[in-house]
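Here is the structure we will look at, set down as structure tokens.
Residue numbers (the working numbering): 590 to 995.
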């Protein structure tokens, strides 16, 4: 679908900035270099205490399209709200200050959006080890009626089989999308609430409920960087109270919707899934309280076997606890590449190079990402571990199966 007014409408790109001096220039440069040039670039310095504010100001001398707002720290939602308030574009895009985008992102999104209220694309998500995972919408590519039964029945919890990290029909992030500015300005006051986790998801759902037409493309233009100092990865003792705020905002938004019953059922399922899945990690509770979320799909292959467990994240912890109480499976060693991990559940974690050379039957790679599993396999082969002794299967999410199956 091609828009005949291509190149004439102004797009407002809003970038909330907070203490991101390490990545900020790469982010801004990727926006400046867009092949679609009719941009208004709004940098919102949300009370940064490093040099981020100065970097933003320096860019105003390099590109006349850049506007800078300096404000007291109020969080990402509040920063976006400040940018939205002064934006003048017909469409709005959002970019986080520690990420970067492909040079043709907004040209391609604008060409395709036509008369739709929203276009959503894929993104590349990088983990702490730099491994990239392609994240796309669960919904197939195409044009959707935003008020149709099929779209609404799959908005919050998708009925089909989907990958980890995404529950609904479209990706949670607002940074891989282009929005109709008039709808954004109408709904943003509803979603400008003080929560540190789930703000993108909240905005995406409330916005989608207002859309007449939505376009889905699986092309990936956005690069989402793992940043250990991001608010998303910090201890959040208010997580449960924020989930309550999240629920109340959506509960109000669903009142009177033609598919309210289905949407409310999805909301309840999603809330329970998030509470059980993320409460412990978000609040950084003791690992002794960890409840196994994942199981190895081929557990029967491991009966009466000696196992080296590779990986100490959510999947690794889940496998260990599952096998700990299974007398038929014996974990003889637990390894991980992260030097920060040395003991979990009173079990010592060793580096991969210290893997035992005999005395085991299989090494099980405990990760969600297949590419990361392949990297782990290559590492093990370098340590002269035979390939047929290395196992990986997509972990089975038992919380997903319990809470989200409809």
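Even for Gly, the Cβ is constructed at its ideal location relative to N, Cα and C.
Element boundaries [alpha helix (DSSP H), containing residue 989] = As a position in the chain shown, residue 989 is number 400, starting the count at 1. Following the DSSP letters along the chain, one finds residue 989 inside the alpha helix (DSSP H) bounded by residues 987-993.
Rounded C-alpha distance that separates residue 859 from residue 836 | Taking the chain shown and counting its residues from 1, one reaches residue 859 at position 270. Taking the chain shown and counting its residues from 1, one reaches residue 836 at position 247. Computed Cα separation, rounded: 10 angstroms.
Indicate the three-state DSSP secondary structure (helix, strand or coil) for residue 1015 in the structure shown.
-> Any answer about residue 1015 is impossible in this case: the structure gives the chain only from 590 up to 995.
What are the start and end residues of the beta strand (DSSP E) that includes residue 833?
-> Numbered from its first residue, the chain shown carries residue 833 at position 244. Element bounds for residue 833: not the beta strand (DSSP E) but the alpha helix (DSSP H), 828-843.
Anticipated Cβ contact below 8 angstroms, residue 810 with residue 697, distance rounded | To locate residue 810, count along the chain shown from 1; it is residue 221. To locate residue 697, count along the chain shown from 1; it is residue 108. Indeed they touch by this definition, with Cβ atoms about 7 angstroms apart.
Can you tell me whether residue 986 is buried or exposed, with buried defined as 16 or more other CB within 10 angstroms of its CB?
-> Within the chain shown, numbered from 1, the residue matching residue 986 stands at position 397. The residue is buried, with at least 16 neighbouring Cβ atoms inside 10 Å.
Would you kindly work out how many angstroms separate the C-alpha atoms of residue 882 and residue 655, rounded to a whole number?
-> Translated into the one-based positions of the chain shown, residue 882 becomes position 293. Translated into the one-based positions of the chain shown, residue 655 becomes position 66. Cα to Cα, the separation comes out at about 45 angstroms.
Work out the CA separation of residue 705 and residue 594 for me, nearest whole Å.
-> Numbered from its first residue, the chain shown carries residue 594 at position 5. Numbered from its first residue, the chain shown carries residue 705 at position 116. Residue confidence is low: residue 594 scores 44 on pLDDT, short of 50, so the model does not pin down where it sits. Its coordinate-derived value is still stated next. Cα-Cα distance, rounded: 14 angstroms.
By a C-beta neighbour count over all protein chains shown, 10 Å radius and 16 as the cutoff for buried, is residue 668 buried or exposed?
-> The count along the chain shown starts at 1 and reaches residue 668 at position 79. It counts as buried.
Report the three-state DSSP secondary structure of residue 945 (helix, strand or coil).
-> As a working mapping, residue 945 is identified with position 356 in the chain shown. Correct three-state label for residue 945: coil.
Have a look at 920, 956, 951 and flag the residue whose alpha-carbon is nearest the alpha-carbon of residue 980.
-> Here the question's residue 980 lines up with position 391 in the chain shown. Per the Cα distances, 951.
What does a CB cutoff of less than 6 angstroms around residue 824 pick up in its chain, not counting 5 residues either side in sequence?
-> Locating residue 824 in the chain shown gives position 235, where the first residue counts as 1. Cβ neighbours of residue 824 beyond the five flanking positions: 873.
DSSP three-state assignment for residue 951, whether helix, strand or coil = Locating residue 951 in the chain shown gives position 362, where the first residue counts as 1. Correct three-state label for residue 951: strand.
Measure the C-alpha to C-alpha separation of residue 622 and residue 684 and round it to an integer number of angstroms.
-> Position 33 of the chain shown, counted from the first residue, corresponds to residue 622. Position 95 of the chain shown, counted from the first residue, corresponds to residue 684. Each residue's Cα considered, the two are about 14 angstroms apart.
Could I get the ranges of all uninterrupted beta strand (DSSP E) runs contained in the segment 708-756, with 3 residues as the minimum, in chain order?
-> Qualifying beta strand (DSSP E) stretches, in chain order: 721-724, 731-734.
Which residue's Cα is closest to the Cα of residue 673: 638, 773, 931?
-> In the chain shown, residue 673 corresponds to position 84, counting from 1. A check of alpha carbon separations from residue 673 across 638, 773, 931 identifies 773 as the nearest.
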